[in-house]
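Q: This note's numbering numbers the first residue of the sequence shown as 248 and each following residue consecutively.
Virtual Cβ for every residue (Gly too), placed ideally from N, Cα, C.
Okay, here's the structure, questions in a sec.
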Amino acid sequence: METAQDLWMPCPDGIRLATRLWRPDPDGPHGIGPWPVLLMRQPYGRAIASTVTYAHPNWYAAQGFLVAVQDVRGRGDSEGEFRGFAGEAADGAAAVRWARNLENANGRVGTYGFSYQGLTQLLLAKEEEGSTEASTEASTEASTEANARAVGENEHRDDPFPDCLAPAMAGLDERLHWASEGGAHWWGLGLGWALQLAAEGCRRRNDANGWRQIRRSLESGTFLEEGPPLLERLDPAGMGLGWLRRDAADPQGWMHHEVAPELLRRPMLLVGGWHDPHLRGVLDLWERAQAAGGHPGLVIGGWTHLHWRGGIDALQLAFFRRHLQGEDPPANTAPAGLGRALEGGIALEAGGGSGWWNPSTITGTAGPQDGDQPLAWTLCSDGRAAIRPDEGELVPEQDHQAADALATDRATRGRVWLVHDPWRPVPARGGHLGPDPGVVERGDLDHRTDVACFSTAPLPGRLTLLGRPRLEITVQADQPGFDLCVALSLLPAMSSNVRQLTTGFARILGPHAQEARRRHVDLQPLAVELDSGDRLRLSIAGAAWPAIAVNPGDGSQPWGAAGPIHRVITLTLALQGSLLRFEPLLAPVQRHGILGAN
């Protein structure tokens, strides 16, 4: 019978961390042990165990693992004060060592978890004397072979780094991977998460009234305006409020966490979602691990932060079996098509029903792959792109001279005027920051006269879009502050639908906002395959509420919804030389099997 046991883990400073342990059935196929350990450290209460995205710990225990889920310091039932990411390194290293030495543990530890639980796997402190690898080598040279094995085993039991790790939907840069994009704070998402963490603080100190106030504000949506005062009162030193107080456009004062190169070289399975706000952090981790000499696997599904459609547990189990139990994965490791795509070390789930891709096998892509020239478009309009959603054009870059000539020949000289009215800001929808993340219909938004639209002609053949879309365009405002909120959508052939694929944001504050300057907006990376006859559409607006706060237009930092001080902002889009192009999804490197060659 599967059982769970609550244990206390002592920290070096005397604080105790509450941990729940699930064990394999000793009468089951995996015997009485010893077993490897799977460790998760999270701030939401260990009983939840991230079951919003992963199989229950009982399932992993039934596969022959001890599963330990720990309340981080100051959360759940653990002692101490919660300090967010700043307090995780020492406790995380202690937890790995503790897990190696649990009763019936065989000394091998893997870590898993997403979001906060993803980053806790990487924030692990280690003494400066040198790596376990170096210490083991020195000991081996100084002892007999038998003693060397004993010394190596003892040192492995004291190793603060897991033998393998599977961080999902996390990143190292608190500004760029957790709190903001394009100089704009994640308003609705960041504020909601900060309040969730604050509510746990209320629960721990028996402040039922504060907890209920937070809960009511989240359920009613009033948190979008009432949230900051609630945080000031109930969690004034909290990580989330601290992020909102900092300048999202200035890296000064923000934490960028460093990870030991040795940890980045350990077997690693990185998991991301195309509609998850932390995707850029996952891609950054992949590149850093490659640069450190590691061979991380990478899986990106068509997932939002909380909805993965059950897509990762089988693959994750195979990863842990290989690196902790020494077993080769079975042929049916993952959902249909995923196993075949894993041969190159990277598996991408494409939109449009194309299944799982291995990037090394893709041809005809708009993003640079294996030296292919990127496909790009320039924007063209007679000035009515914000009045008629079907007037503005996306013209292939190779025709840009003709498009520029056409634009400058027109009476508008290739300009489009866009008026942002704070009384009726364009709402955020779908994408990675919207209140309803994912692919959504946005045809009604494109019919607003404060949204400028530019569409391609029907595609002559199939087209693969893979990479990081970037818009470059000259924009001038009549006020010292404005936002650019951009969406890229698919217009399927023989349909009136407008299916939004990805979004991006840029915030411009200060006197230069009133100058005609070239601006750029980086959109969320994407992978999608388009059919012959499909069209693409680029939509530009001056707001995306509540994904980002409404810009007041006076040059000050936006803070929440529109108010009486907010100004009407007129944007002039100068289309000559504008460009929509795709940057590579990843830096080019040698690829390895996702289950690792380590």
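When the cut-off is 7 angstroms and only beta carbons count, does aspartate 420 lie next to chain D?
A: Among the protein chains of the structure shown there is no chain D, as only one such chain exists.
Q: To the nearest angstrom, how far is the alpha carbon of alanine 341 from that of arginine 267?
A: Residue numbering aside, residue 341 sits at position 94 when the sequence shown is read from its first letter. Residue numbering aside, residue 267 sits at position 20 when the sequence shown is read from its first letter. When rounded, the distance between both Cα atoms is 16 angstroms.
Q: Just verifying my parser: in three-state terms, what is the DSSP assignment at valine 343?
A: Numbered from its first residue, the sequence shown carries residue 343 at position 96. Helix, per DSSP.
Q: Output the residue ranges of the beta strand (DSSP E) runs that lie fully inside the region 697 to 746 and measure 3 residues or longer, sorted by chain position.
A: Listed in chain order, they are 698 to 702, 710 to 724 and 728 to 738.
Q: Which one of Gly292, Met741 and Val698 has the shortest CA to CA distance from leucine 706?
A: Here residue 706 refers to the residue found at position 459 when the sequence shown is read from its first residue. Looking at the Cα atoms, Met741 is the closest of the given residues.
Q: For the region 788 to 808 against the region 674 to 692, do three or more pairs of beta-carbon atoms, one drawn from each stretch, fall closer than 8 angstroms, so that the two count as touching?
A: Taking 8 angstroms as the limit for Cβ pairs, the verdict is that the region 674 to 692 does touch the region 788 to 808.
Q: Could you tell me if valine 343 is buried or exposed, where buried requires 16 or more neighbouring beta carbons within 10 angstroms of its beta carbon?
A: One-based indexing of the sequence shown puts residue 343 at position 96. Valine 343 should be labelled buried.
Q: Is glutamine 364 helix, strand or coil by DSSP?
A: Residue numbering aside, residue 364 sits at position 117 when the sequence shown is read from its first letter. Of the three classes helix, strand and coil, the one that applies to glutamine 364 here is helix, per DSSP.
Q: What is the rounded straight-line gap between the Cα of glycine 592 and the Cα of glutamate 326?
A: Numbered from its first residue, the sequence shown carries residue 592 at position 345. Numbered from its first residue, the sequence shown carries residue 326 at position 79. So the two alpha carbons sit approximately 41 angstroms from each other.
Q: Can you name the start and end residues of the beta strand (DSSP E) that aspartate 769 belongs to?
A: Within the sequence shown, numbered from 1, the residue matching residue 769 stands at position 522. It spans 764 to 769 - the beta strand (DSSP E) in which aspartate 769 sits, taken as one unbroken run.
Q: Using the three-state DSSP reduction, which class does isoleucine 787 fall into: helix, strand or coil?
A: Residue 787 sits at position 540 when you count from the first residue of the sequence shown. It is a strand residue.
Q: Determine, using beta carbons only, whether leucine 491 and phenylalanine 566 come nearer to each other than 7 angstroms.
A: On the sequence shown, position 244 is the one that residue 491 refers to. On the sequence shown, position 319 is the one that residue 566 refers to. Their beta carbons are not under 7 angstroms apart, which means leucine 491 does not touch phenylalanine 566 by this criterion.
Q: Taking only the alpha-carbon atoms, compute the straight-line gap between proline 831 and histidine 542 and give it to the nearest angstrom.
A: Counting from one through the sequence shown, the residue named residue 831 turns up at place 584. Counting from one through the sequence shown, the residue named residue 542 turns up at place 295. Looking at the two C-alpha atoms, the distance is approximately 19 angstroms.
Q: Could you check the C-alpha separation between serine 736 and cysteine 700 for me, to the nearest Å?
A: On the sequence shown, residue 736 is found 489 positions in, with the first residue counted as 1. On the sequence shown, residue 700 is found 453 positions in, with the first residue counted as 1. About 10 angstroms.
Q: Which residues in the same chain as serine 803 place their Cβ atom closer than 8 angstroms to its Cβ, once the five residues preceding and following it in sequence are excluded?
A: Against the sequence shown, residue 803 aligns to sequence position 556. The residues are Gly728 and Leu756.
Q: From the DSSP output, read off the bridge partner residues of glutamate 816.
A: By one-based count along the sequence shown, residue 816 stands at place 569. Correcting the residue identity first, residue 816 is isoleucine in this sequence and not glutamate. DSSP output for isoleucine 816 lists His667 as bridge partner(s).
Q: Only counting the same chain, and skipping five residues up and downstream in sequence, which positions put a Cβ closer than 6 angstroms to that of glycine 807?
A: In the sequence shown, residue 807 corresponds to position 560, counting from 1. Closer than 6 angstroms at Cβ, skipping near neighbours: Glu472 and Ala796.
Q: Can you grab the Cα-Cα spacing for the pair glutamine 460 / glutamine 747, in whole Å?
A: In the sequence shown, residue 460 corresponds to position 213, counting from 1. In the sequence shown, residue 747 corresponds to position 500, counting from 1. Their Cα atoms are separated by approximately 35 angstroms.
Q: With a Cβ-Cβ cutoff of 7 angstroms, do arginine 504 and leucine 286 count as a contact?
A: Taking the sequence shown and counting its residues from 1, one reaches residue 504 at position 257. Taking the sequence shown and counting its residues from 1, one reaches residue 286 at position 39. Strictly speaking, residue 504 in this sequence is histidine, with arginine absent from that position. No, they are not a contact pair.
Q: Using alpha carbons as the reference points, say which of Arg766, Arg569 and Ala441 lies closest to arginine 330.
A: Numbered from 1 along the sequence shown, position 83 holds the residue referred to as residue 330. Of the listed residues, the one whose Cα sits closest to arginine 330 is Ala441.
Q: Could you check if glycine 810 is buried or exposed, using at least 16 other CB atoms within 10 Å of its CB as the buried criterion?
A: The count along the sequence shown starts at 1 and reaches residue 810 at position 563. It counts as exposed.
Q: If I follow the unbroken alpha helix (DSSP H) through glutamate 473, where does it start and stop?
A: Walking along the sequence shown from the start, residue 473 turns up at place 226. Per DSSP, glutamate 473 belongs to the alpha helix (DSSP H) from 470 to 481.
Q: Which residues does DSSP pair with tyrosine 359 in a beta bridge?
A: Counting from 1 along the sequence shown, the entry for residue 359 is found at position 112. Answer by DSSP bridge pairing, in chain order: Ala413.
Q: Determine the burial state of leucine 545: buried for a count of at least 16 other Cβ atoms within 10 Å of its Cβ, exposed for fewer.
A: Locating residue 545 in the sequence shown gives position 298, where the first residue counts as 1. Classification for leucine 545: buried.
Q: Just to confirm my understanding: we take proline 475, look at its own chain, exclude 5 residues before and 5 after, and list those with CB closer than 8 angstroms. What are they?
A: Here residue 475 refers to the residue found at position 228 when the sequence shown is read from its first residue. Excluding residues within five positions, the ones whose Cβ falls inside 8 angstroms are Leu438, Leu488, Leu491, Trp806 and Gly807.
Q: Among Phe312, Thr298 and Val815, whose alpha-carbon lies nearest the alpha-carbon of arginine 568?
A: As a first step, residue 568 is located in the sequence shown; it is residue number 321 there, counting from the start. For arginine 568, the nearest C-alpha among the options comes from Phe312.
Q: Pick out whichever of Leu783, Arg288, His303 and Leu718 has its Cα sitting closest to the Cα of aspartate 324.
A: Here residue 324 corresponds to residue number 77 of the sequence shown, with the count starting at 1. For aspartate 324, the nearest C-alpha among the options comes from Arg288.
Q: Please report the straight-line C-alpha distance between leucine 589 and glutamate 776, rounded to a whole angstrom.
A: Counting from 1 along the sequence shown, the entry for residue 589 is found at position 342. Counting from 1 along the sequence shown, the entry for residue 776 is found at position 529. In this prediction, leucine 589 has a pLDDT of 49, which is less than 50 and means its spatial position is unreliable; what the coordinates show is noted afterwards. Rounded to whole angstroms, leucine 589 to glutamate 776 spans 19 angstroms at the Cα level.
Q: Once DSSP output is grouped into helix, strand and coil, what is the label at glutamate 688?
A: Here residue 688 corresponds to residue number 441 of the sequence shown, with the count starting at 1. Strand at glutamate 688.
Q: How long is the line joining the alpha carbons of isoleucine 720 and proline 283, rounded to whole angstroms?
A: As a first step, residue 720 is located in the sequence shown; it is residue number 473 there, counting from the start. As a first step, residue 283 is located in the sequence shown; it is residue number 36 there, counting from the start. The straight-line gap from Cα to Cα measures roughly 54 angstroms.
Q: When the Cα atoms are used, what is the spatial distance from proline 409 to alanine 763?
A: For this step, residue 409 is matched to residue 162 along the sequence shown. For this step, residue 763 is matched to residue 516 along the sequence shown. In a straight line, the C-alpha of proline 409 is about 52 angstroms away from that of alanine 763.
Q: Would you tell me roughly how many angstroms separate the C-alpha atoms of leucine 692 and arginine 556, rounded to the nearest one?
A: If you number the sequence shown from 1, residue 692 lands on position 445. If you number the sequence shown from 1, residue 556 lands on position 309. Taking the straight line from one Cα to the other gives about 28 angstroms.
Q: Verify whether the separation of the beta carbon atoms of alanine 623 and glutamate 644 is less than 7 angstroms.
A: Within the sequence shown, numbered from 1, the residue matching residue 623 stands at position 376. Within the sequence shown, numbered from 1, the residue matching residue 644 stands at position 397. Cβ atoms of alanine 623 and glutamate 644: closer than 7 angstroms.
Q: In the DSSP assignment, what are the bridge partners of glycine 810?
A: Within the sequence shown, numbered from 1, the residue matching residue 810 stands at position 563. Partner(s): none; glycine 810 has no beta bridge.
Q: Does the beta-carbon of alanine 308, which I'm using as the reference point, lie nearer than 6 angstroms to any heavy atom of the ligand MG?
A: As far as ligands go, the structure on display features none, and thus does not contain the ligand MG.
Q: Please name the residue in Leu412, Leu665 and Gln443 whose C-alpha comes closest to that of serine 786.
A: Here the question's residue 786 lines up with position 539 in the sequence shown. Serine 786 has its Cα closest to that of Leu665, out of Leu412, Leu665 and Gln443.
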